[in-house]
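Below: the structure, in structure tokens.
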Amino acid sequence: MSDDTQPKQVAKATKTVVVITLLPVYTAAGRAPYPIGTKLNVAPDRASFWVSRGIARLESAGAGEVNRVGPSADNSVEVAPLPDAPPMTPLPQNLGS
Numbered sequence: 011m012s013d014d015t016q017p018k019q020v021a022k023a024t025k026t027v028v029v030i031t032l033l034p035v036y037t038a039a040g041r042a043p044y045p046i047g048t049k050l051n052v053a054p055d056r057a058s059f060w061v062s063r064g065i066a067r068l069e070s071a072g073a074g075e076v077n078r079v080g081p082s083a084d085n086s087v088e089v090a091p092l093p094d095a096p097p098m099t100p101l102p103q104n105l106g107s
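Convert by adding 10 to the 1-based position in the sequence shown; the result is the number in the numbering used here.
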């Protein structure tokens, strides 16, 4: 057999990015998640996916740049008025007799 027919094993250098979780990250069903604040090394495409959806932030991003709670709801939420009470009905004349 020649060397051309043998499968070649190429070692790929995988680049990783350090992210810090902002939400619990579940890696498998039935296992406990990584808690909030865990530093993880992930692939760059996964890191950009997580950052865009608020699951994690890049470690290189400063903590002051992170919006942890979201925009204030004080100006965007209005209190709904209470509904009217149902009409009162009189008690029946014979209570269980």
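Ideal Cβ placement from N, Cα and C applies to all residues, glycine included.
### Message
Comparing C-alpha positions only, which one of Pro-102, Gln-103, Pro-45 sits nearest to Val-29?
### Response
Reading the sequence shown from its first residue, position 19 is the one you call residue 29. Considering only alpha carbons, the answer is Pro-45.
### Query
How is the beta strand (DSSP E) around Arg-41 delimited, first residue to last?
By one-based count along the sequence shown, residue 41 stands at place 31. No beta strand (DSSP E) contains Arg-41, which DSSP labels as neither H nor E.
### Straight-line gap, Tyr-36 to Leu-68 (C-alpha atoms, nearest Å)
One-based indexing of the sequence shown puts residue 36 at position 26. One-based indexing of the sequence shown puts residue 68 at position 58. Answer to the nearest angstrom: the Cα atoms are 18 angstroms apart.
### Message
Below 8 angstroms on the Cβ atoms is my contact criterion, and I expect Pro-34 with Pro-43 to pass it. Report the Cβ-Cβ distance as a whole number of Å.
### Response
Taking the sequence shown and counting its residues from 1, the one referred to as residue 34 is at position 24. Taking the sequence shown and counting its residues from 1, the one referred to as residue 43 is at position 33. Pro-34 to Pro-43, Cβ: 4 angstroms. Contact.
#### Entry: Which of helix, strand or coil DSSP assigns to Arg-56
Start at 1 with the first residue of the sequence shown, and residue 56 comes out as number 46. If DSSP states are grouped into helix, strand and coil, Arg-56 belongs with the helices.
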